[in-house]
Structure formats: C-alpha cells, structure tokens
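*Asks:* Take this structure, written in structure tokens, and hold onto it; I'll ask about it next.
Protein chains in written order, with the numbering used here: chain A, 944 to 1582; chain B, 2 to 258.
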C-alpha cells in the first residue's frame, strides 16, 4: 500500500491561490456548527489559536493539554520575534519577498503555495495580536517597531522585548479562556493524548490519560486537530521544554498518518554551552543577539587567555570573513555549522572547547550600554544567572543546540494529514519551512495555521460530513483504550535497573553524534543498528516506579521516551535515504569545495513521506514531488 | 558540595504529608536547583522509590510551571529568579534546606511540591482578555500607543503566572497576579472599552476562588521573579472602585452587588 499524496494546491497566480481556495470552500451554517465536535490537542500558539477561533465560530471544541494551564505551552519560550510582511519600514518588503526568503531559507524544500499563503496572512496575525493587546515594541510616535532578524535584509520582525513568544501565547491563551468562559471550548488540563482512533478511514477521536488520576478516557469528535509541537527532545538535550514530546504525532503516524521529512532538524547557533553531565536542557539565547553581537574565536588554537586580553588582530570574526554580505546574520544552519567547524579545528573556547564568543563590546561602544540593555536586558540577565558571567563586560560563550524540527506529519494545502479528518498545525506538521526555518517564522506559522487557515479548512471538511454517528463504546475506541492500558501496565511491570532518563540520554547521544549537525552514511547506519539495541534494552531493563492510578511523572516520561526511540530510528533512516545536503540536513558526502551544503535537485526535489507498515516491517518511503513554478531553484548563497 | 534537603512528601491531596530528609553529597555548583532535584530523583528511581514530584518545563524562567518554597521563600533566596534559574553556586557546602509546596487555600496540594493553580485560569476567563474575534481586528498601526504606555503594559504583562505572589502573601492574595493583567490590558487603548467590566469581574472572581485581600505588605513584589510592581494593585483598586461607583449598571451586570 502506498499513499496517494494529493497536496490539493490550487492553481493559478500565486497571490490569488488562497483567496481562490477560500472561495471554493464549503461552509457550515452558523446554526449547525455547535453540532460538530472538534478535538484540538495542544494549546500552544497553533492549538490555542485554532481552539479559540473554532470556538468563536461556534463549533463545539474540546482542547487537551498535558499542562496545568494552556499558558505553559512551549511557544512561550520563543524570544526574538514574529515576522510579517507589513513593510512598515518602507525597506522593500512584501508578501512575495517574505515568501521568497522563506523558500530560499528552507533551501527549496517546501511547497510554494503553502509558503506564499503563510507570507500573505502574516500581516493579519499582527493586526489580530495588536487588537488582543499584545504589547509589541513601539516607536515614540506610537507605531509598531521592527527589527531585522537572522538572515533577513529587511526589518520585518515584530517583538515584545525578548519575550515575544510569551506575549503572543498570552494573547492566544486569553482568547481561549474567553471561549472557555463562553462555554464554547472545554479545556482538559493535565490530559495527555496517548492514541488516535480511526474509524472507517476517518479520524474520529483520541484516547487520553488523566495525569492526576491515571484514568484512560475516550473522546469522540468529528475532526481532530493535532498541534503538539516538535520532537527536538529526541536528542535529549535541546532547547525545548522538558515535557515536549512526539507521542501524539507518533501515535497518529502508527495509525496511518504520513510522517514528512523527519531528518529536517534545526540546530540553533546561539545557545549556552553544556556545562556538565547533569545538564537537563540547553538554553537558547535569542538570535536577535546576532544583530549587535559579533561572533569570533581566537586565531590561535587552544588560546586560553581571557577574551578581553586577546587583541583585535588576533581574533577571527569568522562569519564576517566567510559570509561578508550577511556576516553575523547568516541563516541558522550556516552559522551553526561554522561554529562546529571552528571548534572541530581546535579554535573553540571555554572549559569544554565547544564554544565561540558572542561579543557586544563594539555595540556597547557604538550604541551605549543603555540601548543594549533596552534591547537585550532580560537575555543578558538570563545568561548571567546561568553562567555567573556578566556579558556586558565579558563576551558570551555560545554553541549550537537542537532547537526546532521542520519535519513532522505530512499535510496537504488544507493542513490535513493522510488520514481524513486529522489536521496538523504548527511545528507538529512538516509544511512551510522546508529544510531550514528562518528566525521569527515559527510564531508566524503557528498563528497562521491556528487563526487563519485551519478555521477555514476544518470547516470545509466538516461541511462534507454528518455530525456524530460514532460513540465512545465503538469497538475501535475500546481496542485503542485497551492497547493504551496494556502499554502502561507493561512499562510499570519491567522493574529493571536503569532509569528512563538513563535511556533517554543514551538515545540522545546517539542522535547528536550521528544525526546532528553533520551526518554521513557510515554513522547513520551505525545509529540504525545501535538504536534498536538500546530500545530493546529499554523494554527489558527500564525502571518505572509508582503506579498507573496517580500522578506519576516517571511513567509519563517513559511513554514519551519509548516513542522517541522509534521516531529517532525513522529520523536516521530518513537522513540516510536523503543523499544530498539541504538546510539543516548536512550530509558530509554532499558538500561543495567550500564546505557548503550541496543539494541534489535531480534526485531529491521532493518531500519524503514515511508510511508505517507494521511492527516488524520497514516503513515505506513515499514522495511528494516539489514543483517550483515561481522561483528559480538556486544554490543558496549568503556570501 | 554537600546539601541536605528536607522535602515535603505528600502522596496525594487526601493524604497527610510530612518532611523527609535527603542528603546529597555530590552537588555541582553549576547545577540549577532543579537539576539537583533531578539527580536526587534519579537516585530514588534507581532504588525503586517514588521520585519527588515537582512541576517544571521550560527551565528558562518563562513558562511559570516551577515554583516551591525554599527555606520559606518562594523560588528561593535569589531575587528576580525562578527556581529553575536558581543555581547551586548561591548555596554553601553543608547547607540544609527545607522545600515545601506553595501554600494557599486556592492552591490545593496535588502531590509533594505540586499544587493546583487552575484558579488563575478561571480568573483570566472571568475577564482577563480583550474581546476581539479572529478576523475583526483593524489595521495594527491604526491604533497608536504611546511608547511609555506600551512599556508599562509590557512590564505588567511579563507576569508568568507562577503563583509565587500568592505563596508569599500572608493573606494568600492573588492581587499582584490579577492586577498585572488588569494593568496590562487597561493601559492600552485596545483594552479601554472593557476596562470596567474586566476589573469588576476579575476582582470578584479572585475573591470567589478563595484568595485573600491585599493589605499592602509588599511580599508579592519582593518575591516576583519577573519584577511585577505593586503599583499595579493600586491601579486595580482604582479601576474596581471607579467601575463599581460610577458604572453601577455595568458592574451589576458583571456580577457585583
């Protein structure tokens, strides 16, 4: 069996496609909307905005979150900003330019129609968020301020200090709570989705575990929306929050949803280097810092002098040297690989030698300390809290860390997966960022999907089906519930010698070593042998204390790590099969003489869509060819 | 370094809890406080004992999940710091610490250091928003906002909803949390139309949820990891009083007597 991958992209001029698609969509009349139940899993920017908007439209919405409140979702961690093609700065921006930058930044591995729509609705997001009271930065005249952000030559990024994600999420959370108050959305806090139920080829609901009581429940719906974020934690150490996991999308994959491009993972260049084995996560320092900070390493290998004692002529501002046109603002994948290259060659700084300097001395001299404080104060404080070093007087030390996953469940233009009635939004889907995401585009995509796209496309789907018709007692629900209970019992019964984190760390090491910033066939093959071994051991030697009928954080983690093992394997397999370099996927065998990523458009100008084939069978690799009608496929150059 | 921890262990909301003593010998000064608890939990799990339940997620001081009392201080002794950002270098070898959950009538204990803060969501649902359906927003720059005002709104909006202000307050009042939202939205022109209704509904809901009244002790401001100012509470009281006194009809409609 192979997927019939119909992307359902409209035809015609790029700038008219979304309008045309909307015009052709079927509508549910206002009086009938409350008869339809929509389940939204996840309450971050994508899920929260979708749930709130669907509630406003009058659908009966059930929203699920494993947190105690929707305001905890990890969208809150985004610091730098949100892009929108408002062209308020009169610097030549337009929807087309944002579209082009995103396509190029993604190394020509995303769908033109989707990306153009994203750029088009970006302007509506800013209007919506401002009206909600998101306190974006302002000019003295009262208009909105913008800044230029990682890899962009125009200033199109809107920001709220270094807490843009927090402020956008609070706007969305407040809209959601307003619908809760109105009785249109019912929140299920501290509920984790553990399976998807498909009946008659349609997504009809989910199975959840109440994290406080352990109760396993079935929830029926007419459509299911997954907005459960990315899977960076497959690497154990990442900038994601500790609870971020792939279980919801992985369960959906095993029920028939195609998984697109799992190997497209993003390594963020500016994170605080690891300090010890006890490290539980890595902390991102917003990329906006690269606007004013200059990145350098000493010209002499193993130079252990205090950075302030190293004279100008003995410093290598390597990004400015290698990429004179973009300098410190080159895209994330390029900046990350350059840092790795410097450290691999022995120029790295700090106790581990895995670090480079991000220096504000010149900017403080030029703009004054006060301006730098205004722009980055909270980030500097955070850095000092963690490292006990004052970045106003000593350069920061940074190193790349896993940050975002462009891969995810495959969706068509309607954001529907290969399972009818199952929609996937935000980081959880594979769609708009291709092989590399530009800075300040994750918030944009999450909100575009949730506020402005899914409410149309989910409605269009519902208009074509009758509401209800399935009960929670249906055999498929009962079977899924039984499987979830069985798996929980199994995890608790192993009673082995190693903890869940022991296994998670082991998996993370394999992933980082062989499927991280640079990958090659030998390493990936090794990882593909190693991961099943460790997974096998996990299922025989993990120790999950406690019981199923209580708040049991070890049990929650164990289920998530079990799924990470399987997803990690698929990620390596996808990386092995994609014999080219593109964006965040760098295969050492495929590079230019200067060490840049070398695409192979002849063989790989497509999305890889993996299909689950059964417990003991290898997954099937389907492809969706990418057609470029409007942009010319070019070698990405930031020199 | 060596650290002695006395941690509140409580199996669930219906069982009594007690302090349990743990000695940790190999604490690294660069660890965060929560990483130290991770190490303890790993040891407990290896021994088949129940790890200490505590909430945490982003570990960057922004999600508001984490928070418990360290020696009677919410989030521990460092100013403007959530417990996930608190590092062990601020403690001394041999220190003995007491960890307890946030205590307030409106925050019942769920397990160990985990409390139920859902009352905060219900207070927000009562009016902590601007009513604007998706799609009906005007062009963003058609609403100019004075820069200072926008900055002050942002100062208030920085609240992470961790609940430390409630835990620190002798009256277990949520005034700092509630007033931060009232100030954030009320300072902006977009929030003006609902300013009265919002103040009345949120303040009444806060009381209904079992939070105490504000008596200006100022512990909340001192403890707030995000530096949210007590001046917001003055603003909340003014908005509430003004709404109730001047707009009796509107405040009755919002639920006031």
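Beta carbons are placed, not taken as given, at the ideal position from N, Cα and C, and that holds for glycine.
#1: So if DSSP puts residue 926 of chain A in a beta bridge, which residue, or which two residues, is it bridged to?
#2: Per the contact definition of three or more C-beta pairs closer than 8 Å, is the segment 1153 to 1171 of chain A in contact with the segment 1366 to 1373 of chain A?
#3: Anything in chain A within Cβ reach of residue 62 of chain B, meaning under 7 Å, just list it in chain order.
#4: Please list the terminal residues of the continuous beta strand (DSSP E) segment that includes residue 1150 of chain A.
#5: When the cut-off is 8 Å and only beta carbons count, does residue 1562 of chain A lie next to chain B?
#6: Could I get the ranges of all uninterrupted beta strand (DSSP E) runs contained in the segment 1543 to 1581 of chain A, with 3 residues as the minimum, in chain order?
#7: Taking only heavy atoms of the ligand MN into account, decide whether any of them is closer than 7 Å to the Cβ of residue 1544 of chain A.
#8: Considering just the uninterrupted stretch of the beta strand (DSSP E) at residue 100 of chain B, what are its terminal residues?
#9: What's the gap between the Cα of residue 161 of chain B and the Cα of residue 1308 of chain A?
#10: Can you look up residue 7 of chain B in the DSSP assignment and give me helix, strand or coil?
#11: Does residue 1083 of chain A pass the burial test, meaning 16 or more other C-beta atoms within 10 Å, or should it be called exposed?
#12: I need the DSSP call for residue 1373 of chain A, collapsed to helix, strand or coil.
#13: Among residues of its own chain, excluding the 5 on either side of residue 953 of chain A, which ones have a beta-carbon nearer than 6 Å to its beta-carbon?
#14: Of all Cβ atoms in chain B, is any one closer than 8 Å to the Cβ of residue 1497 of chain A?
#15: Name, please, each residue of chain B whose Cβ falls closer than 7 Å to the Cβ of residue 1087 of chain A.
#16: If you measure from the beta carbon of residue 1335 of chain A to each beta carbon in chain B, is any gap under 8 Å?
#17: Which residues in chain B have a C-beta closer than 7 Å to the C-beta of residue 996 of chain A? List them in chain order.
#18: Kindly indicate the opening and closing residues of the beta strand (DSSP E) around residue 203 of chain B.
#19: Taking a contact to mean a Cβ-Cβ separation below 8 Å, would you say residue 69 of chain B touches residue 45 of chain B in this structure?
#20: At a cut of 8 Å, does the segment 1547 to 1556 of chain A reach the segment 1229 to 1237 of chain A through at least three beta carbon pairs?
#21: Starting from residue 1239 of chain A, trace the beta strand (DSSP E) both ways and give me its first and last residue.
#22: DSSP on residue 1349 of chain A, reduced to helix/strand/coil?
#23: For residue 1394 of chain A, which residues in chain B fall below 9 Å Cβ to Cβ?
#24: Quick one: grab the DSSP three-state call for residue 24 of chain B.
#25: Please report the residue range of the beta strand (DSSP E) in which residue 111 of chain B lies.
#26: Name the residue from B/152, B/16, B/256, B/126 whose alpha carbon lies nearest to the alpha carbon of residue 1078 of chain A.
#27: If we count the other Cβ atoms within 10 Å of its Cβ and call it buried at 16 or more, is residue 1207 of chain A buried or exposed?
#28: Find the nearest neighbour of residue 1386 of chain A within the set A/1036, A/1108, A/1399, A/994, judged by alpha-carbon distance.
#29: Determine the closest residue to residue 1042 of chain A out of A/1033, A/1071, A/1097, A/1012, with distance taken between C-alpha atoms.
#30: When DSSP labels each residue in this structure, what does residue 230 of chain B get in the three-state scheme?
#31: Quick check on the DSSP output: what are the complete beta strand (DSSP E) runs of length 3 or more inside the segment 960 to 1005 of chain A, in order along the chain?
#32: Could you please tell me which residues of the segment 73 to 87 of chain B, in chain order, have their CB closer than 9 Å to any CB of chain A?
#33: Is it true that the CB of residue 1184 of chain A sits closer than 8 Å to the CB of residue 64 of chain B?
#34: Check the C-beta distance from residue 186 of chain B over to residue 1114 of chain A and give it rounded, since I have them as a contact under 8 Å.
#35: Where residue 1310 of chain A and residue 1090 of chain A are concerned, what is the direct C-alpha to C-alpha distance, given to the nearest angstrom?
#36: If I follow the unbroken beta strand (DSSP E) through residue 1212 of chain A, where does it start and stop?
*Replies:* Short version:
#1: Because chain A here runs from 944 to 1582, residue 926 of chain A falls outside it and cannot be looked at.
#2: yes
#3: 1325
#4: 1145 to 1153
#5: no
#6: 1549 to 1554, 1563 to 1568
#7: For the structure depicted, the ligand MN is absent and the ligand set is empty, with no information on it obtainable.
#8: 97 to 101
#9: 33 Å
#10: strand
#11: In this structure residue 1083 of chain A is exposed. Its beta-carbon is surrounded by fewer than 16 other beta-carbon atoms within 10 angstroms.
#12: coil
#13: 960, 963, 964
#14: yes
#15: Within 7 Å Cβ-Cβ: 141, 142.
#16: no
#17: 135
#18: It is not in any beta strand (DSSP E) - residue 203 of chain B instead sits in the alpha helix (DSSP H) that spans 196 to 209.
#19: no
#20: no
#21: 1237 to 1241
#22: coil
#23: 135, 136
#24: strand
#25: 110 to 112
#26: B/152
#27: buried
#28: Ranking the options by Cα distance to residue 1386 of chain A, first place goes to A/1108.
#29: A/1097
#30: coil
#31: 980 to 984
#32: 79, 81, 82, 86, 87
#33: Contact: yes.
#34: Actually they are not in contact, since the Cβ atoms of residue 186 of chain B and residue 1114 of chain A sit about 10 Å apart, beyond 8 Å.
#35: Rounded to the nearest angstrom, the two C-alpha atoms are 15 Å apart.
#36: 1208 to 1214
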